[in-house]
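Written below as C-alpha cells is the structure these notes are about.
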Amino acid sequence: MAHWRNMPLPGESITLSRAIDNYMEQNPSSKRTKMAVVATLQKLIEHAQAKTLNDLSVPKLLAFRRMIESSATLKSAGTRQVYFSHIKTVIGFGLRTGMDATQIRACLDRCKVLWTSTPRPSVQPHPISRDDFHKLLKTAGAGAWRTWLLVGLNLCLHLGEVCCLKWADFDLEHGTYAAIREKTRRQRIPRAATLWPETLAELRKLPHMGPFLFNSKRGLPYRVNTRVI
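Numbering (numbering that gives the first Met the number 0), first residue to last: 0 to 228.
Here it is, written out as C-alpha cells:
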C-alpha cells in the first residue's frame, strides 16, 4: 500500500521532490547507487529552477543539454549518455509504483531531447604482452612493485582494486583467494583464484600492518592517487 501515497490527485502536477522520494523509497538498489543517480536530476532541477514535471519544458531541457555538452568535466559521449539516462530513470520509475502515467510519459517524451550526437569511442584494448610483463617484473626487482604486479595479474584486478585487497580474503596455507565484489545490493560478484607460486612467495614476505595487504609507512591503506613507492 505504500505506493498509493505517491499517486497524485486528478489534475495535480507531480512534484520532482515526490518523484525523487518515490525513487529513493521504492527502488531496491543500494542507497549509494540511488544517491548518485538522483544527484544528476538535482542538477537539472537547479539549472531549470523546476518544481514539477510540467516545469521541465523542452526549452529548459535543451538549455540543460547545452550546459552539459559544454562542461569541461563531461567530455566523454558515453558519460553524457549515462548522465542523461539517470534523469529519465528517476522520472520513469514512477510508472512502476502507480504514479500518473500520463504526466510521466509526457515528461519522458520531452526528455528525449537529452541525448548526444557524438558517437561513443570504440574500445580497442591492447593487453600487455607476456614479454613486456616479464620486463616489468625484472625492472621491479625485489621491491614492492613486484608484489603489486604479480597480485594484479594473478587475480585479474586493476590498480584500484589491488589497493583494497584484504588479508582476510587470502589463504596462504592453501594458496587461494576468495572474495565478494559488492557493486550493488543485487550484484554481488564472487571472485576466486589460485595463487601462483611466485605470487604466494611475494605475499609471504609482506608485513601484516592491518587488514589491508598494502599499507603506507603510516599503516594506512593506499589509494590509486597516493600509491608511491
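Glycine included, C-beta positions come from ideal geometry on N, C-alpha and C.
Rounded straight-line distance, which links the Cα of residue j to that of residue i
| i | j | result |
| --- | --- | --- |
| Pro-206 | Thr-146 | 12 angstroms |
| Arg-129 | Ala-49 | 56 angstroms |
| Gln-80 | Arg-190 | 30 angstroms |
| Ile-103 | Asn-53 | 9 angstroms |
| Ala-62 | Leu-43 | 10 angstroms |
| Arg-203 | Leu-171 | 8 angstroms |
| Leu-199 | His-173 | 10 angstroms |
| Phe-211 | Ala-143 | 14 angstroms |
| Leu-15 | Ala-178 | 40 angstroms |
| Trp-166 | Leu-152 | 18 angstroms |
| Leu-55 | Lys-111 | 12 angstroms |
| Leu-164 | Val-150 | 10 angstroms |
| Phe-132 | Pro-118 | 33 angstroms |
| Leu-8 | Gln-123 | Legend: pLDDT at Leu-8 = 48, less than 50; position of this residue unreliable, no value from coordinates given. |
| Thr-101 | Leu-194 | 57 angstroms |
| Ser-84 | Ser-29 | 18 angstroms |
| Ile-13 | Pro-126 | 50 angstroms |
Start and end residues, alpha helix (DSSP H) containing residue i
| i | result |
| --- | --- |
| Val-36 | 30–47 |
| Met-229 | Because residue 229 is not part of the residues shown, which for the chain are 0 to 228, the question remains open. |
| Trp-144 | 143–154 |
| Phe-92 | No alpha helix (DSSP H) contains Phe-92, which DSSP labels as neither H nor E. |
| Thr-96 | Taken as a continuous stretch (DSSP letters only), Thr-96 belongs to no alpha helix (DSSP H), as it is neither H nor E. |
| Glu-201 | 196–202 |
| Pro-58 | 57–68 |
| Val-112 | First-last for Val-112: undefined, no H or E at that position. |
| Phe-132 | 129–139 |
| Gly-159 | 158–162 |
Assigned exposure category for residue i - 16 Cβ within 10 Å defines buried
| i | result |
| --- | --- |
| Met-98 | buried |
| Arg-187 | exposed |
| Glu-197 | exposed |
| Cys-155 | exposed |
| Leu-135 | exposed |
| Lys-33 | buried |
| Glu-45 | exposed |
| Gly-77 | exposed |
| Val-258 | Because the chain is modelled from 0 through 228, residue 258 falls outside the range shown and cannot be assessed. |
Original post:
For the 8 angstroms Cβ check, are there 3 or more pairs between the stretch 35–43 and the stretch 18–26?
Top reply: yes
Original post:
Does the stretch 79–92 touch the stretch 132–144, meaning 3 or more C-beta pairs lie closer than 8 angstroms?
Top reply: no
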